[in-house]
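Enquirer: Quick note: the sequence shown, position 85, residue 70 per our numbering, numbers continuous.
Each residue gets a CB set at the ideal place from its N, CA and C atoms; glycine is no exception.
Please read all numbers here as calculations on a predicted model, not as lab measurements.
Pasting a structure here, questions to come.
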Amino acid sequence: MGTVPWVVNSEIYPLKFRGLCGGIAATACWISNLIVAQTFLTLTVAIGTSDTFLLFGCIAVAGLFFTLVFMPETKGLSFEQVEVMLQERVRLFSFKFWKKDHSREKSLNMEATKATKAKG
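Spelled out as structure tokens, the structure:
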């Protein structure tokens, strides 16, 4: 992946979370490096050198494909413009389990209102 994680991390997080998210991303990158270092020799013994390189090459191509498809171009945009653009993409690709369930919140509010009326 080279420099992509470091460049992307400096641009995609909202300003108030940039430090925390950058730290989490850097940790994930180093953990990925650790996994490669720890599994490389075991894989070369188990499946051979060429197949090991083929496996890691396929993972790299999958990462490149993900980057080309899902990462928007941010060249020439301000941090605020990037933030707005990414918020719109989140709305576009939102899944049902990401959305807040207001039905439970409403029922709790109704119960609290009934309890308040019963006391008063």
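Jot down the residue ranges of each uninterrupted alpha helix (DSSP H) in the stretch -13 to 46, minimum 4 residues, whole runs only, in chain order.
Expert: Those alpha helix (DSSP H) runs which fall completely within the stretch -13 to 46 and span 4+ residues are -11 to -6 and 3 to 32.
Enquirer: Helix or strand or just coil, what does DSSP make of E58?
Expert: By one-based count along the sequence shown, residue 58 stands at place 73. Reduced to three states, the DSSP call for E58 is coil.
Enquirer: With a CB to CB cut of under 8 Å and the five nearest residues on each side skipped, what residues in its chain are close to V46?
Expert: Residue numbering aside, residue 46 sits at position 61 when the sequence shown is read from its first letter. If we look at V46 and ignore the five residues flanking it on each side, it has no Cβ neighbours.
Enquirer: Excluding sequence positions up to five away, which residues of its chain have a Cβ less than 7 Å from the Cβ of M56?
Expert: In the sequence shown, counting from the first residue as 1, residue 56 sits at position 71. Hits under 7 Å: V(-7).
Enquirer: With 16 other CB atoms within 10 Å as the buried threshold, where does I(-3) fall?
Expert: Numbered from 1 along the sequence shown, position 12 holds the residue referred to as residue -3. Under this definition I(-3) is a buried residue.
Enquirer: In whole angstroms, what is the alpha-carbon distance linking G7 and L0?
Expert: Counted from its first residue, the sequence shown places residue 7 at position 22. Counted from its first residue, the sequence shown places residue 0 at position 15. Spanning the two alpha carbons is a distance of roughly 11 Å.
Enquirer: Leaving out five residues before and five after E73 in sequence, what residues of the same chain have Cβ atoms less than 7 Å from its Cβ?
Expert: Within the sequence shown, residue 73 is the residue found at index 88, counting from 1. Once the five neighbours on either side are set aside, E73 has no close Cβ partner at all.
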